[in-house]
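Q: Protein chains in written order, with our numbering: chain A, 1 to 652; chain B, 1001 to 1192. Glycine included, every Cβ here is placed at the ideal spot set by N, Cα and C.
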Amino acid sequence: MATIDSKIPEGALAEKWSNYKAHQKLVNPANKRKLDIIVVGSGLAGASAAATLGSLGFKVKCFCIQDSPRRAHSIAAQGGINAAKNYQNDGDSVYRLFMDTIKGGDYRAREANVYRLAEVSNNIIDQCVAQGVPFAREYGGTLANRSFGGSQVSRTFYARGQTGQQLLLGAYSALCYQVNQGNVELFTRCEMLDLVMIKDDKGKERARGIIYRDLVSGEIKRCSAHAVVVGTGGYGNAYFLSTNAMTSNGSAIMQCYRKGAWFANPAFAQIHPTCIPVQGDKQSKLTLMSESLRNDGRIWVPKKLEDAQKLQKGLINPNDIPDEDRDFYLERRYPAFGNLVPRDVASRAAKERCDKGYGVNATGLAVFLDFKYAIQTFGKQVIADKYGNLFDMYEEITDVNPYENPMMIFPAIHYTMGGLWVDYELQTSIPGLFAIGECNFSDHGANRLGASALMQGLADGYFVLPYTIQSYLADQISIPRFSTDLPEFEAAEKAVKERIAKLMRINGKRSVDSIHKELGHIMWEYVGMGRTEESLKTAIKKLDEVEKTFWTDLRIPGDAQTLNVELEKALRLIDFIETGKLMAYDALNREESCGGHFREEHQTPEGEALRHDDKFSYVACWSYKGEGKKPEMLKEPLNYEFVKVETRNYKN
Amino acid sequence: MEKTISFKLKIWRQRGPKEKGQFKVYEMKDISTDASFLEMLDILNEQLINAGEEPVVFDHDCREGICGMCSLYINGYPHGPATGATTCQLYMRRFKDGETITVEPWRSAGFPIIRDLMVDRTAYDKIMQAGGYVSINTGGVPDANSIPISKEKADLAMDAASCIGCGACENLCPSRPISAITVNGISIHHNA
Chain A
1 MATIDSKIPE GALAEKWSNY KAHQKLVNPA NKRKLDIIVV GSGLAGASAA
51 ATLGSLGFKV KCFCIQDSPR RAHSIAAQGG INAAKNYQND GDSVYRLFMD
101 TIKGGDYRAR EANVYRLAEV SNNIIDQCVA QGVPFAREYG GTLANRSFGG
151 SQVSRTFYAR GQTGQQLLLG AYSALCYQVN QGNVELFTRC EMLDLVMIKD
201 DKGKERARGI IYRDLVSGEI KRCSAHAVVV GTGGYGNAYF LSTNAMTSNG
251 SAIMQCYRKG AWFANPAFAQ IHPTCIPVQG DKQSKLTLMS ESLRNDGRIW
301 VPKKLEDAQK LQKGLINPND IPDEDRDFYL ERRYPAFGNL VPRDVASRAA
351 KERCDKGYGV NATGLAVFLD FKYAIQTFGK QVIADKYGNL FDMYEEITDV
401 NPYENPMMIF PAIHYTMGGL WVDYELQTSI PGLFAIGECN FSDHGANRLG
451 ASALMQGLAD GYFVLPYTIQ SYLADQISIP RFSTDLPEFE AAEKAVKERI
501 AKLMRINGKR SVDSIHKELG HIMWEYVGMG RTEESLKTAI KKLDEVEKTF
551 WTDLRIPGDA QTLNVELEKA LRLIDFIETG KLMAYDALNR EESCGGHFRE
601 EHQTPEGEAL RHDDKFSYVA CWSYKGEGKK PEMLKEPLNY EFVKVETRNY
651 KN
Chain B
1001 MEKTISFKLK IWRQRGPKEK GQFKVYEMKD ISTDASFLEM LDILNEQLIN
1051 AGEEPVVFDH DCREGICGMC SLYINGYPHG PATGATTCQL YMRRFKDGET
1101 ITVEPWRSAG FPIIRDLMVD RTAYDKIMQA GGYVSINTGG VPDANSIPIS
1151 KEKADLAMDA ASCIGCGACE NLCPSRPISA ITVNGISIHH NA
């Protein structure tokens, strides 16, 4: 078995990153101009990386699946971005942000990576303010903060309920600057379809380019570079219904995986507790209600089963239930953190109540998030100022006014902590291939804390990758630019075209979406919030059947050589099916509960997640072994040198 | 009880930028009023695919009113009946049983049609790339709290920055920058 070198620098935790930067190899300005870098993805991670690499002088080609980088799904992040500024004087520090993140991730992330993340978090806020990001401010003119789950300090910076949008517009602006300067070339409405590898003079394969499809013309094209960076987000849409955007997909991850990059901890998916509940089988996505609402909203279900049953039948109004008959179950179970427990804990607690029959809507799959108390305390105007746009959105979708009635919420797939394995330099197991943002596995362990995704995406893009990639590129300065006429490109393009032709030939009866819904149902039912050995084995069997359905019954109307949305979706769906299997394998292997991964066989008498550190304190790295073959699992042990590993406690 | 409505959809179909387009009429039956407008189009496309026809092409992505990808001119108004929300946040309860709903692409020479309801909005990126950016490189910036900005100014900046870049405002005549529609939760949609 290969040993895994995560390239963690020597030294004390707080000095590792400084030491790394002080001693790493750099590329001089004249040589930077001779080096090409492909960045796939233009969300927070991709855009910030492309802009920064461009401003350093590298020649960057940035690929964007939408019509503009400003559409990337980072834009939908509502609540905020964490940083250890301690502007509130409430006891925050780099170490505390690091500790909260490690603990929030249920001790399944690398210490050195997480510490670096906490360290650069402050630079991000400085950078964004310099760009003009309109963060919320106090009357005195200084920056305001709010609290998020999993912490006892207020360290979250925000721009109303549109923080992701404002940060993305900042990164987009920086990217446009570099396009203007001629350092970044932008490819919009283009989707990566494969990674191209070329052997160096020592016979070592390196990532040297991509094959992509121009989504408007349908043409298959080639692009070469000295290094490839993927920042393509997560694979939550394997569940069909999620809070992700419709084009969010995990195909770039799978293409890299099939070329030899390890897929780390695929089972770690985050289920967000506060989404608008599922309504019907025609629904296309789930809408998130920001975690920031848990600052002021109280989550409850009825104490009495008969009240819950009446609510399910629509016989009573929630306001008819007196306070003493309401079960504020998060406050009851977790007095120290109350409604602000981490997402995995809040989601499971909601499932537990609903499983016992206390759900509050017709399907029995919803709990209340009530602002009555906050409105009584602060007045309606204060609440409207804080959450007005979210309340409007809620009313538009559900036709219920949340100022007068409690919101109904239920957990939904939101984020994937798993992703491409990367070392400390954010390099995957393929030389020259880097992964940043949600599509790598690196910083969130088994559960991500709120307001940490924006932090990680921008940390990777602005402040980590632009350093670490130079350590790789410093050895590449004498390598001339690659021609896309090389046989490796020829072969990769041919394989992509054959795959497409194979899809077009199926000529069955089912639409992509109808099969995708089937996949989503299996994933939610058997690889969802509560997993068992039996459910996972069932999932694997059923996923094989879905795969068979796909290859025999799919119908893609139209031609491949032109704009074809169904073909785009089909290419993504077949990768989601394979991702789903990988998630099930990983969940089956990990016989413990940690973070978002809950194996029902492994829980404490109180129903909390039960980790088995003696057996599973490792990163599970899945290595592709060929079509139809079970992947091999490699272990990267997690050695906690600085932190005492404990059972997470949000009770006291 | 779920409420449903039936209606006619009159949709613009156009194969490519240079080809001639035309309205096509589709009958929609028993559509839940809880469905979003785009989910209703998903249902239409499912029907078209099942009948072996090509689906209607339209832009969409986040489906929560923030990415600015969705568009559509619905019953003569960008993003449909004035609700202060994007098309993806428009729900069928806004429509009546038996009505004819007309759906067109953005009507602006600056946004040429790619296919059906999908248009090309790269003009916006070109403006940004021509100088609509902030010239700040990464790193070397002062501490975020070193320059206080009054809450009032920060709030105004946020109002302006909340535009989602969908292009709806280009479709109102006369269109001037001052009448820009910023949809997501901001009510000047009505006054544009």
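Shorter than 8 Å from the beta carbon of B:Thr-1102 to some beta carbon of chain A?
A: no
Q: Give the interface partners of A:Ala-76 over in chain B, defined as CB-CB distance under 8 Å, in chain order.
A: Cys-1062, Glu-1064, Ile-1066 and Cys-1067
Q: Taking the alpha carbon of A:Glu-608 as the reference point, which residue from A:Ala-30, A:Ser-347, A:Cys-621 and A:Asn-339 has its own alpha carbon closest?
A: Looking at A:Ala-30, A:Ser-347, A:Cys-621 and A:Asn-339, the one whose alpha-carbon comes closest to that of A:Glu-608 is A:Ser-347.
Q: Can you give me the start and stop residues for the alpha helix (DSSP H) that A:Asp-320 sits inside?
A: Looking at the DSSP string, A:Asp-320 is not in any alpha helix (DSSP H), and its letter there is neither H nor E.
Q: Can you list, in chain order, the residues of its chain with a C-beta nearer than 6 Å to that of A:Gly-11? Leave out the 5 residues immediately preceding and following it.
A: Asn-19.
Q: From the DSSP output, read off the bridge partner residues of A:Ile-253.
A: Paired residue(s): none; A:Ile-253 is not in a bridge.
Q: In the DSSP output, what is A:Met-192 paired with across the bridge?
A: A:Tyr-212
Q: Secondary structure at A:Gln-165, three-state DSSP: helix, strand or coil?
A: helix
Q: Which of the three DSSP states is assigned to A:Trp-551 in this structure?
A: Secondary structure at A:Trp-551: helix, using DSSP grouped into helix, strand and coil.
Q: Using a beta-carbon distance below 8 Å, is B:Gly-1052 in contact with chain A?
A: yes
Q: Apply the 10 Å Cβ neighbour rule to A:Tyr-139 and answer buried if 16 or more other Cβ atoms are within range, or exposed otherwise.
A: exposed
Q: May I have the straight-line CA-CA distance separating A:Ser-452 from B:Lys-1096, to the nearest angstrom?
A: Each residue's alpha carbon lies about 44 Å from the other.
Q: Pull up the CB-CB distance for A:Phe-268 and A:His-597, whole angstroms please, since I reckon it's below 8 Å.
A: Contact between A:Phe-268 and A:His-597 holds, since their C-beta atoms are separated by about 6 Å, short of 8 Å.
Q: To the nearest angstrom, how far is the alpha carbon of B:Ser-1187 from that of B:Asp-1059?
A: Only weak support is given to the placement of B:Ser-1187: the predicted model assigns it a pLDDT of 39, under 50, and the question is left unresolved by the model.
Q: Taking A:Cys-62 as the reference, give the member of A:Tyr-177, A:Ala-109, A:Ser-6 and A:Val-40 with the closest Cα.
A: A:Val-40
Q: Comparing C-alpha positions only, which one of A:Glu-627, A:Phe-550 and A:Ile-574 sits nearest to A:Arg-510?
A: The candidate whose alpha carbon is nearest that of A:Arg-510 is A:Phe-550.
Q: Against chain A, with Cβ distances strictly below 8 Å, would B:Asn-1145 count as a contact?
A: So yes, B:Asn-1145 belongs to the interface.
Q: Closest to A:Tyr-115 by CA distance: which of A:Arg-555, A:Asp-106, A:Met-99 and A:Thr-604 is it?
A: It is A:Met-99 whose Cα lies nearest to the Cα of A:Tyr-115.
Q: Taking the alpha helix (DSSP H) that A:Asp-126 falls in, what are its first and last residues?
A: Counting along the chain, the alpha helix (DSSP H) containing A:Asp-126 begins and ends at 111–131.
Q: From the beta carbon of B:Asn-1171, is the nearest beta carbon of chain A less than 8 Å away?
A: no
Q: Figure out for me which residue from B:Phe-1007, B:Thr-1004, B:Arg-1013 and B:Lys-1008 has the closest Cα to the Cα of B:Ile-1113.
A: B:Arg-1013
Q: Quick one: is A:Arg-648 buried, meaning 16 or more other Cβ sit within 10 Å of its Cβ, or exposed?
A: buried
Q: Measuring straight from C-alpha to C-alpha, what distance separates B:Ser-1175 and B:Cys-1169?
A: Low confidence applies to B:Ser-1175: its pLDDT is 47, below 50, so where it sits in the model is not reliable, and the reading given next is rough at best. Using only the alpha carbons, I get a separation of about 7 Å.
Q: List the endpoints of the continuous alpha helix (DSSP H) containing A:Ser-347.
A: 343–355
Q: So, are the CB atoms of A:Phe-616 and A:Ile-198 less than 8 Å apart?
A: no
Q: Can you list, in chain order, the residues of its chain whose CB lies under 7 Å from that of A:Trp-524, leaving out five sequence neighbours each side?
A: Tyr-239
Q: If distances are taken between C-alpha atoms only, which option among A:Tyr-235, A:Met-504 and A:Asp-559 comes closest to A:Arg-572?
A: A:Tyr-235
Q: Which residues, in order along the region 58–69 of chain A, keep a beta-carbon less than 7 Å from a beta-carbon of chain B?
A: So the list reads Gln-66, Asp-67 and Ser-68, given in the order they occur along the chain.
Q: Looking at chain A, which residues of the region 1001–1018 of chain B have a Cβ within less than 8 Å of any of its Cβ atoms?
A: Glu-1002
Q: Please state the DSSP three-state secondary structure of A:Gly-203.
A: Shown here, A:Gly-203 sits in coil according to DSSP, grouped into three states, outside any helix or strand.
Q: Given B:His-1079, which residues of its chain have a CB within under 6 Å of its CB, disregarding the five upstream and five downstream residues?
A: Once the five neighbours on either side are set aside, the close Cβ partners of B:His-1079 are Thr-1086, Thr-1087 and Ala-1168.
Q: Given that a residue counts as buried once 16 or more other Cβ atoms are within 10 Å of its Cβ, and exposed if not, what is A:Lys-581?
A: buried
Q: B:Lys-1008 bridges to which residues according to DSSP?
A: B:Glu-1027 and B:Thr-1100
Q: Pull out every residue of the region 127–149 of chain A whose Cβ sits closer than 9 Å to any Cβ of chain B, in chain order.
A: Gln-127, Cys-128, Val-129, Ala-130, Gln-131, Gly-132, Val-133, Pro-134, Phe-135, Ala-136, Arg-137, Glu-138, Tyr-139, Gly-140, Gly-141, Thr-142, Leu-143 and Ala-144
Q: Classify A:Lys-327 as buried or exposed, calling it buried when 16 or more other Cβ atoms lie within 10 Å of its own Cβ.
A: The identity of residue 327 of chain A in the sequence shown is Asp, whereas the question assumes Lys. Looking at its Cβ environment, which holds 16 or more other Cβ atoms inside 10 Å, A:Asp-327 is buried.
Q: Using a threshold of 8 Å, state whether the C-beta atoms of A:Asn-82 and A:Phe-187 are closer than that.
A: no
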